[in-house]
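*Asks:* For what it's worth, our numbering labels the leading residue of the sequence shown as 226, then goes sequentially. Even glycine gets a Cβ: it sits at the ideal position worked out from N, Cα and C.
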Amino acid sequence: MNAHLVDLHCHLDLYPDFESAVKGADVAGVYTLAVTTTPQAWPRNHEVAGRTRYVRAGLGLHPQLVAERHGELTLWERYLPEARYIGEVGLDAGPQYYRSLDLQKQVFEHILEKCGQIGGKILSVHSVRAATAVLDLVQAHLPATRGRVVLHWFTGSKAEARRAVELGCFFSVNGAMTTSERGRGVIATLPTNRLLTETDGPFTQCDGRSARPADVESTIRNLANLYCSTPEIMAAAVEENLRTLLSETEIPPNDVQVPR
Ligand code: MN
Numbered sequence: 226m227n228a229h230l231v232d233l234h235c236h237l238d239l240y241p242d243f244e245s246a247v248k249g250a251d252v253a254g255v256y257t258l259a260v261t262t263t264p265q266a267w268p269r270n271h272e273v274a275g276r277t278r279y280v281r282a283g284l285g286l287h288p289q290l291v292a293e294r295h296g297e298l299t300l301w302e303r304y305l306p307e308a309r310y311i312g313e314v315g316l317d318a319g320p321q322y323y324r325s326l327d328l329q330k331q332v333f334e335h336i337l338e339k340c341g342q343i344g345g346k347i348l349s350v351h352s353v354r355a356a357t358a359v360l361d362l363v364q365a366h367l368p369a370t371r372g373r374v375v376l377h378w379f380t381g382s383k384a385e386a387r388r389a390v391e392l393g394c395f396f397s398v399n400g401a402m403t404t405s406e407r408g409r410g411v412i413a414t415l416p417t418n419r420l421l422t423e424t425d426g427p428f429t430q431c432d433g434r435s436a437r438p439a440d441v442e443s444t445i446r447n448l449a450n451l452y453c454s455t456p457e458i459m460a461a462a463v464e465e466n467l468r469t470l471l472s473e474t475e476i477p478p479n480d481v482q483v484p485r
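(1) Excluding the 5 residues preceding and the 5 following V390 in the sequence, name in chain order all residues of the same chain whose CB lies nearer than 8 Å to its CB.
(2) Let me confirm a value: G319 is counted as buried when at least 16 other C-beta atoms fall within 10 Å, else exposed. Which label applies?
(3) Between which two residues does the beta strand (DSSP E) carrying F243 extend?
(4) Please tell me whether, using a cut-off of 7 Å, the distance from the CB of F395 to the nearest non-hydrogen atom of the ligand MN is below it.
(5) What does the Cβ neighbour count give for C453, buried or exposed, with the cut at 16 atoms within 10 Å?
(6) Looking at T444: is its Cβ nearer than 8 Å to the Cβ of N399?
(7) What residues match up with L420 in a beta bridge as DSSP calls it?
(8) CB-CB under 7 Å to I476, same chain, minus the five flanking residues each way: which ones, in chain order?
(9) Can you determine whether any heavy atom of the ligand MN sits closer than 7 Å to the C-beta of F428, and answer yes or no?
(10) Could you please give the first and the last residue of the uninterrupted alpha helix (DSSP H) stretch that includes H271?
(11) Touching or not, the region 457-468 and the region 281-297, by the rule of three or more beta carbon pairs under 8 Å?
(12) Thinking C-alpha only, which one of V252, V363, K248 is nearest V350?
(13) Grab me the residues of S397's own chain with a C-beta within less than 6 Å of its C-beta, minus the 5 sequence neighbours each way, in chain order.
(14) Under a Cβ-count criterion, where at least 16 other Cβ atoms within 10 Å of its own Cβ denotes burial, should E190 be classed as buried or exposed?
(15) Considering Cα atoms alone, identify which of A365, T357, M402, E406 is closest to R388.
(16) Would you tell me roughly how many angstroms separate the C-alpha atoms of H287 and N270, rounded to the nearest one?
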């Protein structure tokens, strides 16, 4: 394929060897967003990604960790000015995390507000069983002109997907979504200019091992089938979407930051 592949959500720091995982993505020439789950992981991820051409780090505070780590929001905020990419953040209303949902909402609301104040951030957002709640908060606290949300592994309904599109969200799609009936149904309703790819490695598998960024190629093939296109065209479209996302979140040089 001529286009560069895109893995907009991968936990490179959770592979057995972080540095070699980063190197693998960089050598493969896959634009990779190395998301993190706690702001404590930011300095090292930021530093290691900073030595690469294709890997960028995300400043995260994972909703599944909010119950124990909400105190790290101060640390998250301290690093915020250094970060262009934010993630993994969001809400998880699954049975295991439901109890912390109110706290998760407070944390996510704060994250969205801070991102909106500074502007120019790209957020990789988790929304398990909470798509409507995520979209309510995005609509209230992060207008599309102040930052962009990429819904990672979106499992909401078609109506929720439509609303997300109206709010300017992008979608990072992984292999599991392209092979599930429900996932395919939702993907088919998405405009192709909002599509990105991801692995969510190492939490997903490919050929019986943890997925790596270059494995998004199989997702590109599945998407090409779904849209009656070719992998080459699909890969080029996804790369173009990434460029659009980047240009839409560029801060004009004269945009003065006004703290509220
Ligand atoms: Mn993840």
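*Replies:* Taking the geometry as given:
(1) L415, P416, R419
(2) Per the 10 Å Cβ criterion, exposed.
(3) Not the beta strand (DSSP E): F243 falls in the alpha helix (DSSP H), residues 243-253.
(4) no
(5) exposed
(6) yes
(7) F396
(8) G344, G345
(9) yes
(10) 267-275
(11) Result no; under three Cβ-Cβ pairs closer than 8 Å.
(12) V363
(13) L233, H234, V375, H377, L421, E423
(14) Coverage of the chain is limited to positions 226 through 485, which leaves residue 190 absent and any answer about it impossible.
(15) Residue T357 is the option with its Cα nearest to R388.
(16) 15 Å
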